[in-house]
Every structure is written in C-alpha cells, then in structure tokens.
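Chemist: Quick one: this structure, given as structure tokens, is what I'll be asking you about.
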Amino acid sequence: MSITAAFLRYLALVTALCSSLLWAAEGETYELQVVADGLNHPWSLSFLPDGRMLVTERAGQLRIIDAQGVIQPAPVSGVPPVFGRSQGGLFEAIPHPDFSENQLLYLSYAWGDGAANGTRLARARLDGNRLRDLEVLFTVAPLKDTPVHYGGRIAFLPDGTLLLTTGDGFDYREASQKLDSLLGKVVRLNDDGSIPADNPFVGQEGARDEIYSYGHRNPQGLLYDEASGTVYLHEHGPKGGDEINILEPGKNYGWPVITYGRDYSGASITPYTEYDGMEQPLLHWTPSIAPSGMTLYQGQEFPQWQGDLMAGALAGRHVRLVELEQGRVVGQQELFAELGERIRDVRTAPDGTLYLLSDSSNGTLYRVKPKP
138 MSITAAFLRY LALVTALCSS LLWAAEGETY ELQVVADGLN HPWSLSFLPD
188 GRMLVTERAG QLRIIDAQGV IQPAPVSGVP PVFGRSQGGL FEAIPHPDFS
238 ENQLLYLSYA WGDGAANGTR LARARLDGNR LRDLEVLFTV APLKDTPVHY
288 GGRIAFLPDG TLLLTTGDGF DYREASQKLD SLLGKVVRLN DDGSIPADNP
338 FVGQEGARDE IYSYGHRNPQ GLLYDEASGT VYLHEHGPKG GDEINILEPG
388 KNYGWPVITY GRDYSGASIT PYTEYDGMEQ PLLHWTPSIA PSGMTLYQGQ
438 EFPQWQGDLM AGALAGRHVR LVELEQGRVV GQQELFAELG ERIRDVRTAP
488 DGTLYLLSDS SNGTLYRVKP KP
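Numbering (the numbering used here), first residue to last: 138 to 509.
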C-alpha cells in the first residue's frame, strides 16, 4: 500500500470516529454520540420491543432506526396526511403497551386545513415499513383557524387507557377554561378511542366526557412514573411561565386565569398567579426555556441523575435537569448546552440509555454515554 493510500485510509478512520464520538465535554461525565442525522425537524422518539426506534418528522414522515443505529432509507408508508404549517404536522408515534402481540402504533398529528384544523389521534398496525388498517380514534373539537398550539403528547397509563394533550390554539386561550371545548385540555381515552366510564366529567351537563384535566396552554411534555404513580406534564407559558405540573383527574391548571408569564407584547394577561380551585405548578420557568419532550431518568449509566426529570429546552438550547427528592424540586442543572441546539425530545430507552433529538431541518438523534 502506498504512503498516500495509507494516509487516506487513516484519515477516513479518524473521520468515522469523530462522527460517532462527537462531543465529550471537558469536565463532564458523558459523551454525545451521533446515531442519525439529516432528520427534518424531528419531533418525537419512541422505542419498539425489538430495539428499533421510531422518529417522527414534523412534515409528516415516520422513520425507523434499527437496533444497530442504521436509519432506514425510506420513510414508513401509510402515514395519514398532516396539516404541516407552522407548528402543525406529525407529532408522536407511540407503540401500544402490547405492541409485541398487536403491532399497534398510536399517532398524534395536526389535521385539517388553514380554515379548520386540530389535533387528531389515530392508530395503525406496523407491518414492516408500512402502516396498515389506519383508524382515526379522536379529533379535537372545535376546530380552529390557527396553525399553532396543538399539544400532541401521548402517554399510556397502567390501566390501558391513554392520555393525549391538546393546545389552546393561541387565539382561543379562554377555551382552556370551558368544559364544552377540547382546546387546552388533557383527554383520557381507552385504547380503541372510546371514553372511559370513570373520566372525571362523564355525565356532567355541558362538559365533554373525554376531559381528564383542563386549564392548559400548550403541553408538550407528558410521562407516567410507575414507581410513584405520578403523571408529570409540562407546558409552554407565554413570555415566561413555562410550567411542570403533577396531573390529577378533574383538576384545573389555571390557564389563562393564572400564569407567571406575560403576553409577548409585555402586557399583563391576568393579575393572578394563584386562584381558588386552580392548581399551582410543581415548578415554573421565567424567563421561558420553551420546554419540549420529557423523561424521568431511570438508567444505571448516570446514577447522579437517577429519578430526576429531564426536559428539552427549545429556546434555552439545552436539557433542563430537574432534581427531585420525594417528589419535591431540590435543584436544577443545564445539560448538553455545548450542542447549541434546540432540543425537541429527550427519552430514556428501555435499557436505560438516554437519547436526545435536536430540532432543525438537519436534526440529529444523539445517544448519551458515560465518558470512558
């Protein structure tokens, strides 16, 4: 082999190593590895039992990454059409808890057109690289004419029901307090889209049976903690007032009657930060970090983070670690700020590995590993 050929081979090896081991921040205990890049505004990450990963792209594509970290070249076919304007598009793709038996995926997405659109939930069977037998299970009502504030996060509960967040549509924030509207709510459904008989407002005159909680603005982080039985939700405030809430059935979380934020113009939205019958957040962020995606870290690789919440920060361009002790917030840290990227999702895989999704037209899936 010539000296030139040997040098080129060496250079290719170094380049490959640099692309897989991208950051090992000085003084930190982790390194960040690129799993996949070139993603078009990825929105959500989930995991299948066989080790494959699902990544949604906001424009309406669903991508499969195999257990070896190789992204399939063609997106999954059979995904329903989405309303892909501004914040609208494809949101979550979450496997059913019994996916190994039924192969069911649950999709949340913006549906409709500029004059009438809203958050929709559907399910379908994943057959190789195709979705089959698509069923629409739920559509927010009333529809709206704004391409923003959809919510769109999904979480399954131990009883087999699921929670879905909806947004207030921005221009319709007063609807968050109205029980005859599904805007600005968290809804609870059976896995076939029917309404559980024990939902808090079932049978109440003038209230939608689907509602689980209300008074929300734009919730984009949702998870169930099996150890404590707690549902954590975070939502975007306006200019300030992002919140983490502990979700309970039938409770009113206050928007827009109470908030720690202000209008984007700087004007006051309300004089109240507290009001009778309305819940206080576990934590609020002012100024806003623009939270998106959330996990409760339960892995073994980073024992210092065990049992803590992690929320992606779009405006903050980091992951916000929220340290918990017996359900109380005892501290916060900013992680992965060296990326300088908008973090759209942060998830813990079943094996305890931590993953991040960055939000851009050339988005990246990162794996977080302990530094050797």
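C-beta atoms are modelled at their ideal positions from N, C-alpha and C, and glycine is treated no differently.
These numbers were taken from a predicted model, which means no experiment stands behind them.
(1) If contacts are defined as beta-carbon pairs under 8 Å, then V368 and L384 qualify, I think. What distance do you get, rounded to the angstrom?
(2) List the DSSP bridge partners of V368.
(3) Given a cut-off of 7 Å on the beta-carbon distance, is the pair Y401 and T485 in contact?
(4) Going by DSSP in three states, L280 sits in which element: helix, strand or coil?
(5) Can you tell me the Cα-Cα spacing of N336 and S497, whole angstroms?
(6) Can you tell me where the beta strand (DSSP E) holding N239 begins and where it ends?
(7) Closest to P218 by CA distance: which of A259, P428 and E311 is it?
(8) Excluding the 5 residues flanking L458 on each side, which residues of the same chain have their C-beta closer than 7 Å to its C-beta?
(9) On the CB-based measure, 16 or more other CB atoms within 10 Å of its CB, does Y246 come out buried or exposed?
(10) DSSP three-state call for W160: helix, strand or coil?
(11) Less than 7 Å separating the beta-carbons of G449 and M415?
(12) Classify L493: buried if its beta carbon has 16 or more other beta carbons within 10 angstroms, exposed otherwise.
(13) By a C-beta neighbour count over all protein chains shown, 10 Å radius and 16 as the cutoff for buried, is D308 buried or exposed?
(14) Measuring only the C-alpha atoms, how far is P440 from G489?
(15) Rounding to the nearest angstrom, what Cα-Cα distance links Q170 and Q209 in this structure?
(16) Are at least three pairs of beta-carbons, each pair with one atom in the region 349–360 and one in the region 285–294, less than 8 Å apart?
(17) To the nearest angstrom, how far is it from the Cα of P284 to the Cα of D250?
Modeler: Judging by the given coordinates:
(1) Going by Cβ atoms, the distance from V368 to L384 rounds to 4 Å, so yes, they are a contact pair.
(2) Paired residue(s): Y361 and L384.
(3) When the beta-carbon positions are compared, Y401 and T485 stay at least 7 Å from each other.
(4) The answer is coil: DSSP assigns L280 none of H, G, I, E or B.
(5) Roughly 38 Å between the two C-alpha positions.
(6) Run containing N239: none in the beta strand (DSSP E); it sits in the alpha helix (DSSP H), F236 to N239.
(7) If we check each option's Cα against that of P218, A259 comes out closest.
(8) Excluding positions up to five away in sequence, the list reads W442, D445, M447, Q469, Q470 and L472.
(9) Of the other Cβ atoms in all chains shown, 16 or more fall within 10 Å of the Cβ of Y246; this residue is therefore buried.
(10) With a pLDDT of 49 at W160, under the threshold of 50, the predicted position of this residue should be treated as unreliable, and no value is reported.
(11) Contact: no.
(12) Counting other Cβ atoms within 10 Å of its Cβ, L493 reaches 16 or more and is therefore classed as buried.
(13) Within 10 angstroms of the beta-carbon of D308 lie fewer than 16 other beta-carbons, which makes it exposed.
(14) Whole-angstrom Cα-Cα distance: 11 Å.
(15) Each residue's Cα considered, the two are about 19 Å apart.
(16) Three or more Cβ pairs drawn from the region 349–360 and the region 285–294 lie within less than 8 Å of each other, which places the two stretches in contact.
(17) Straight-line Cα distance between these residues: approximately 9 Å.
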